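Undergrad:
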Amino acid sequence: MIKKPKTERKKNKNEYYSATTINHAKSVISKYLSYAVRLGYISYNPCHNVPSYQNREELKERQEIKFWEVNEFKTFIASVHEKRWNDIFTFLFFTGLRESEMFALSWRDIDFQKCTLRINKSIAYKTKVSPWKITTPKNENSIRIIDFAEYFIRSI
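Counted the way the UniProt record's numbering counts, the sequence shown spans residues 1 to 156.
Quick look at the structure:
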């Protein structure tokens, strides 16, 4: 008889496996069992009846948008002394861009007259043929035009 597994097994005293880790392990096992079905060792893959695990607390954390307040950013940026990094972090904070969106920007995406940025791509890292590639955003809401302060024109 197969018992229902405990989904949150302790790794260390106070740590648990994440839902991603649990689902990845299930995926690996399922691939092996599907292979066993193809070879005729078993008649069906029992993993197909097992739903993906979702930790309600993790889902809540992911859904909450986490951002710094201005005073938190000021504390951080005061410790960044190199101008280049100071400009990059300030740009990211005040535009709300993701790092991958910023690095995918090209000169065509910047409208210097209107002080706007067209965000329509991002960088994905670690492909098989190169260390990175330009990709389309994961969803439609990521394609947008945002305003930026004239201060950044001088930084560019």
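For every residue, glycine included, the Cβ atom is placed at its ideal position computed from N, Cα and C.
Source: prediction; values computed, not measured.
Residues bridged to Ile119 by DSSP?
TA: In the sequence shown, residue 119 corresponds to position 119, counting from 1. Its beta-bridge partners are Arg144.
Undergrad: According to the neighbour-count rule (16 or more other Cβ atoms, all chains shown, within 10 Å of its Cβ), is Ile2 buried or exposed?
TA: The residue given as residue 2 occupies position 2 in the sequence shown. In this prediction, Ile2 has a pLDDT of 48, which is less than 50 and means its spatial position is unreliable; what the coordinates show is noted afterwards. That one is exposed.
Undergrad: Would you report the Cα separation of Ile153 and Lys128, rounded to the nearest angstrom?
TA: Mapped onto the sequence shown, residue 153 falls at position 153. Mapped onto the sequence shown, residue 128 falls at position 128. So the two alpha carbons sit approximately 36 Å from each other.
Undergrad: Tell me whether Phe91 is buried or exposed, calling it buried when 16 or more other Cβ atoms sit within 10 Å of its Cβ.
TA: Residue mapping note: residue 91 aligns to position 91 of the sequence shown, counting from 1. Counting Cβ neighbours within 10 Å, Phe91 comes out buried, since at least 16 surround it.
Undergrad: Whose C-alpha, out of Glu150, Ser18, Lys121 and Ala19, is nearest the C-alpha of Asp87?
TA: Looking up residue 87 in the sequence shown gives position 87. Selected option, being the one with the closest Cα: Glu150.
Undergrad: Give me the Cα-Cα distance between Glu89 and Leu33, rounded to the nearest whole angstrom.
TA: By 1-based counting over the sequence shown, the position of residue 89 is 89. By 1-based counting over the sequence shown, the position of residue 33 is 33. For the record, residue 89 in the displayed sequence is Phe; it is not Glu. Answer to the nearest angstrom: the Cα atoms are 47 Å apart.
Undergrad: When burial is assigned at 16 or more other CB atoms within 10 Å of the CB, is residue 171 buried or exposed?
TA: In the structure displayed, the chain extends from 1 to 156; residue 171 sits before or after that span and is not available.
Undergrad: Determine, using beta carbons only, whether Leu105 and Asp111 come nearer to each other than 9 Å.
TA: In the sequence shown, counting from the first residue as 1, residue 105 sits at position 105. In the sequence shown, counting from the first residue as 1, residue 111 sits at position 111. Cβ distance not < 9 Å, so Leu105 and Asp111 don't count as in contact.
Undergrad: Taking just the CA atoms, how far does Ser52 sit from Gly40?
TA: Position 40 of the sequence shown, counting from 1, holds the residue named residue 40. Position 52 of the sequence shown, counting from 1, holds the residue named residue 52. So the two alpha carbons sit approximately 26 Å from each other.
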